[in-house]
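Taking it in order: structure first as structure tokens, then the write-up.
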DNA sequence: ACTGCCATTGGCCACATGGCCAATGCCGCG
DNA sequence: CGCGGCATTGGCCATGTGGCCAATGGCAGT
């Protein structure tokens with residue numbers, strides 16, 4: 099047996115971190131060297147320990163898991179990061195992989211899958227929880243919202259009207275209306291209210 | 099030391115279950131006797147093992163954690179159930195306590211808090227993660243939606259218009275409008291779209 | 001250089017929305 | 001047995017919405 103894979107855990111759920119640490123440390127192939135409960139703390143600990151593989155939760159208060167991943171990758175492009183997800187929203191998966199995650203594992207996965215994923219990630223392979231590829235296929239058929247449309251979506255959720263959206267973005271109510279129409283079309287929503295619901299369900303908007 | 103507290107874990111996150119089991123079994127005061135990944139399975143295992151304390155996750159696909167709790171309590175009124183939550187939406191907390199949960203602990207709580215909560219629950223005490231009482235205080239000031247309004251809310255989220263809501267509920271568009279107005283007032287929303295957003299944020303609506 | 005996507009803007013129109021007025025019948029709590 | 005909360009319904013009206021028509025300028029990839 100070679101020296102164990104050194105792991106960093108970043109998850110705001112202390113119970114999850116403790117549980118994972120217990121479970122993984124019981125396996126001689128792994129060694130958990132540190133655990134953080136938020137993004138900034140995670141970056142700090144990464145710098146300090148330079149772990150072989152980082153397990154990063156997608157949903158965290160304050161700095162988003164995705165945002166944390168981006169910063170981590172921009173500072174250490176060779177880092178190996180395995181994302182852990184509760185939500186399984188396809189949006190998060192795509193964002194994570196585009197941001198340079200080596201893998202994406204659902205928390206509903208069985209422990210053996212997780213350990214296998216960690217080993218694969220360490221070896222430089224790309225790993226996806228089974229059942230997630232199909233969701234990515236859906237995306238190919240579905241359409242992606244543009245950056246501007248996402249911006250409008252965030253104003254829509256607040257209940258703003260088209261004129262209000264326009265004045266905030268410095269555009270005409272006509273243009274705001276066009277963006278809203280595009281959003282409705284792409285999300286297959288019948289009105290702005292259902293669009294917000296669908297956006298929450300697909301992970302485009304977060305609580 | 100008395101005989102260990104026998105525990106049942108119900109959580110759709112297999113990784114969390116395994117982690118918890120590992121951590122809790124390391125403590126001689128506890129003994130995890132079974133783990134289920136959904137509501138029906140949990141009820142089945144409860145019947146089979148009759149654990150001292152059940153740890154139940156609030157958010158699960160299929161049968162809701164709250165719904166599972168209700169069924170569990172109706173079959174075994176003397177059961178001791180400690181809810182585990184990721185979301186911390188006040189709605190879930192209130193619902194859980196009304197449904198007969200002995201306690202409610204956030205997954206962000208530190209492990210020591212969890213073990214203390216389990217022991218307290220077993221002793222018949224009522225336990226809340228610190229920081230959660232304040233949320234319950236908010237509720238006292240805030241208003242509660244009536245059953246009818248919740249019903250309307252579920253139609254609102256689908257993007258239905260007042261006439262459509264009326265015809266589904268067998269009432270006039272006027273009445274539907276009155277319910278929507280009441281919802282807007284109680285949630286402090288400026289229109290139906292923001293109402294849906296706020297409902298998601300407060301746990302009145304779920305993904 | 002050419003093509004395609006995106007952001008931008010305009011008008012017209014049937015319909016829905018939310019605010020404001022007020023009224024009735026029912027049920028449970030004190 | 002009355003009081004209050006809840007569900008129900010009605011009209012009026014200024015404003016917003018979403019569908020449909022069409023057009024222009026910019027930026028990026030081929």
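Protein chains in written order, with my numbering: chain A, 99 to 305; chain B, 99 to 305.
Yeah, the Cβ is synthetic: ideal placement off N, Cα and C, and Gly gets one too.
Selection from the options that minimises the alpha carbon distance to residue i
i, options, result
"residue 106 of chain B", "B:123, B:149, B:136 and B:100", "B:149"
"residue 287 of chain A", "B:138, B:304, B:137 and B:256", "B:256"
"residue 101 of chain B", "B:262, B:258, B:217 and B:285", "B:217"
"residue 268 of chain A", "A:152, A:250 and A:126", "A:250"
"residue 191 of chain A", "A:209, A:163 and A:178", "A:163"
"residue 285 of chain B", "B:272, B:170 and B:300", "B:300"
"residue 199 of chain A", "A:132, A:185, A:214 and A:176", "A:176"
"residue 169 of chain A", "A:260, A:138, A:241 and A:182", "A:138"
"residue 117 of chain A", "B:303, B:271, B:261 and B:213", "B:213"
"residue 147 of chain A", "A:174, A:303 and A:241", "A:174"
Buried versus exposed call for residue i [16 or more other C-beta atoms within 10 Å across all chains shown]
i, result
"residue 157 of chain B", "buried"
"residue 125 of chain A", "exposed"
"residue 215 of chain A", "buried"
"residue 295 of chain A", "buried"
"residue 160 of chain A", "exposed"
"residue 305 of chain B", "exposed"
"residue 196 of chain A", "exposed"
Other residues of its chain near residue i: CB distance less than 6 Å, five sequence neighbours each side excluded
i, result
"residue 227 of chain A", "203, 204 and 207"
"residue 275 of chain A", "260"
Span separating the alpha-carbon of residue i from that of residue j
i, j, result
"residue 244 of chain B", "residue 224 of chain B", "27 Å"
"residue 298 of chain B", "residue 187 of chain B", "9 Å"
"residue 211 of chain B", "residue 154 of chain B", "16 Å"
"residue 180 of chain A", "residue 290 of chain A", "35 Å"
"residue 140 of chain B", "residue 109 of chain A", "26 Å"
"residue 133 of chain A", "residue 115 of chain A", "7 Å"
"residue 221 of chain B", "residue 112 of chain B", "28 Å"
"residue 143 of chain A", "residue 136 of chain A", "11 Å"
"residue 172 of chain A", "residue 194 of chain A", "14 Å"
"residue 165 of chain B", "residue 283 of chain A", "36 Å"
"residue 167 of chain A", "residue 182 of chain A", "12 Å"
"residue 303 of chain B", "residue 128 of chain A", "40 Å"
"residue 241 of chain B", "residue 293 of chain B", "14 Å"
"residue 145 of chain B", "residue 145 of chain A", "49 Å"
"residue 103 of chain B", "residue 273 of chain B", "53 Å"
Nonlocal neighbours in the same chain, by C-beta distance under 7 Å from residue i, ignoring five residues either side
i, result
"residue 247 of chain A", "277, 280 and 281"
"residue 130 of chain B", "105, 107, 119, 122 and 123"
"residue 253 of chain A", "263 and 266"
"residue 271 of chain A", "260, 261 and 264"
Chain B residues whose Cβ lies nearer than 8 Å to that of residue i
i, result
"residue 271 of chain A", "Correct list: empty, because the minimum Cβ distance to chain B is about 16 Å."
"residue 103 of chain A", "Neighbours of residue 103 of chain A on chain B: none; closest Cβ ~17 Å, over 8 Å."
"residue 126 of chain A", "In chain order: nothing, as chain B lies at least about 15 Å away."
"residue 294 of chain A", "291, 294 and 295"
Closer than 7 Å at the beta carbon, the chain A residues around residue i
i, result
"residue 254 of chain B", "291"
"residue 114 of chain B", "114, 117 and 205"
"residue 120 of chain B", "117, 120, 121 and 124"
"residue 209 of chain B", "112, 113 and 116"
"residue 305 of chain B", "298 and 299"
Contact set between residue i and chain A, taken where Cβ atoms lie within less than 9 Å
i, result
"residue 267 of chain B", "None at all; the shortest Cβ gap to chain A is about 17 Å."
"residue 212 of chain B", "112, 113 and 116"
"residue 243 of chain B", "Within 9 Å Cβ-Cβ: nothing; residue 243 of chain B doesn't reach chain A, min ~17 Å."
Residue i Cβ short of 6 Å to the ligand GTP heavy atom set
i, result
"residue 221 of chain A", "What this structure holds is no ligand at all, so the ligand GTP is not there to describe."
Neighbourhood of residue i by C-beta, 8 Å cutoff - its chain only, sequence neighbours within 5 removed
i, result
"residue 258 of chain B", "266"
"residue 178 of chain B", "150, 151, 152, 200, 219, 220 and 222"
"residue 209 of chain B", "121"
"residue 185 of chain B", "156, 157 and 301"
"residue 189 of chain A", "300, 301 and 302"
Chain B contact residues for residue i, given Cβ-Cβ distances below 7 Å
i, result
"residue 287 of chain A", "257"
Neighbouring residues, chain A, relative to residue i (Cβ below 8 Å)
i, result
"residue 184 of chain B", "111 and 184"
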